[in-house]
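Under the numbering used here, the residue at position 45 of the sequence shown is numbered 29, and the numbers go up by one with no gaps. All residues carry an ideal CB built from backbone N, CA and C; glycine is no exception. Please read all numbers here as calculations on a predicted model, not as lab measurements.
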Amino acid sequence: MDSLVSASMGNSPLERNKPWLKKYSPPHAALRKAMTNKRFLNMLPYYNNFKHTGNLESFHNHMLMYASKRCSYSFEGYVTRMLLTAIDHNYHSDREYAAPKDVLSGYRQKYSKRTRKWAPERLKVAKDGYIPELMRKIFSMIAPTPGHLLQHVSLASNNPLLQSNIANVLKPGITQLL
């Protein structure tokens, strides 16, 4: 039976180095109590369907960093800010840890309000190393365009300012509506 379950799940058979719990031993009783706890059993569907949203929240914080809700932006400005948000988030999402000169220089102290304790936090490599390269690419794309930098540029076809209304269906005549 175990080989069927592990084969259907795509896993190799478990290798067990620890001994099984003895029946009616204190650890077995504690595990049994925890697993038959009514509150735990009622919350089990929640835990099965739980999705961690930390990455999404991190991206939304990046969005607020580039496009604050307190300011209004033109359509082009907002789209540009969202593109910069995506670039910045993707660049920083999997940053490596910094290579310290010694053990102590690779960490800093961080205080947790929740636990009210200090803890060491490992330092990561410096941010924003991609910005000079991004600026070079932007200017190399702008350089061949004829005219000056502040010239008028026609609006893109998907710009909402070009739309006569926000509806995605054609506007019927007033007689059809009445």
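- Message: So, under 8 Å CB-CB, Gln93 and Pro104 are touching, yes? Tell me the CB distance rounded to an integer number of Å.
- Response: Counted from its first residue, the sequence shown places residue 93 at position 109. Counted from its first residue, the sequence shown places residue 104 at position 120. At roughly 7 Å, the Cβ-Cβ gap stays under 8 Å, so Gln93 and Pro104 are in contact.
- Other residues of its chain near Pro144: CB distance less than 8 Å, five sequence neighbours each side excluded: Within the sequence shown, residue 144 is the residue found at index 160, counting from 1. These residues qualify, in order along the chain: Phe59 and Ile150.
- Proximity winner among Leu5, Leu68 and Leu25, relative to Met119 (alpha-carbon distances): The sequence position of residue 119 within the sequence shown is 135, counting from 1. Ranking the options by Cα distance to Met119, first place goes to Leu68.
- Query: Of all the options Arg16, His73, Thr64 and Asn32, which has the alpha carbon lying nearest to the alpha carbon of Leu40?
  - Reply: Taking the sequence shown and counting its residues from 1, the one referred to as residue 40 is at position 56. Leu40 has its Cα closest to that of His73, out of Arg16, His73, Thr64 and Asn32.
- Item | Helix, strand or coil at Glu117 according to DSSP, with G and I counted as helix | On the sequence shown, residue 117 is found 133 positions in, with the first residue counted as 1. Helix, per DSSP.
- From the DSSP output, in three-state form, read off Ser96 for me. For this step, residue 96 is matched to residue 112 along the sequence shown. Three-state result, Ser96: strand.
- Item | When Leu154, Ile71 and Asn142 are compared against Phe43, the one with the closest alpha-carbon | Translated into positions along the sequence shown, residue 43 becomes position 59. Of Leu154, Ile71 and Asn142, the residue nearest in Cα terms is Ile71.
- Would you please state the rounded distance, in angstroms, between the beta carbons of Tyr91 and Lys108? I believe it to be under 8 Å. Translated into the one-based positions of the sequence shown, residue 91 becomes position 107. Translated into the one-based positions of the sequence shown, residue 108 becomes position 124. Going by Cβ atoms, the distance from Tyr91 to Lys108 rounds to 11 Å, so no, they are not a contact pair.
- Task: Compare the C-alpha of Lys111 against each of Tyr75, Ala127 and Thr129 and name the closest.
- Result: Against the sequence shown, residue 111 aligns to sequence position 127. Selected option, being the one with the closest Cα: Tyr75.
- Task: Could you check the C-alpha separation between Ser148 and Lys155 for me, to the nearest Å?
- Result: Residue mapping note: residue 148 aligns to position 164 of the sequence shown, counting from 1. Residue mapping note: residue 155 aligns to position 171 of the sequence shown, counting from 1. About 10 Å.
- Task: Can you give me the start and stop residues for the beta strand (DSSP E) that Tyr101 sits inside?
- Result: Walking along the sequence shown from the start, residue 101 turns up at place 117. According to the sequence shown, residue 101 is Lys rather than Tyr. It spans Lys101 to Arg106 - the beta strand (DSSP E) in which Lys101 sits, taken as one unbroken run.
- Whole-angstrom Cβ separation of Leu15 and Leu5, contact assumed at under 8 Å? Stepping through the sequence shown from its first residue, residue 15 is reached at position 31. Stepping through the sequence shown from its first residue, residue 5 is reached at position 21. Confirmed, Cβ separation roughly 7 Å.
- What is the DSSP secondary structure of Tyr8, counted as helix, strand or coil? For this step, residue 8 is matched to residue 24 along the sequence shown. Coil at Tyr8, not helix or strand.
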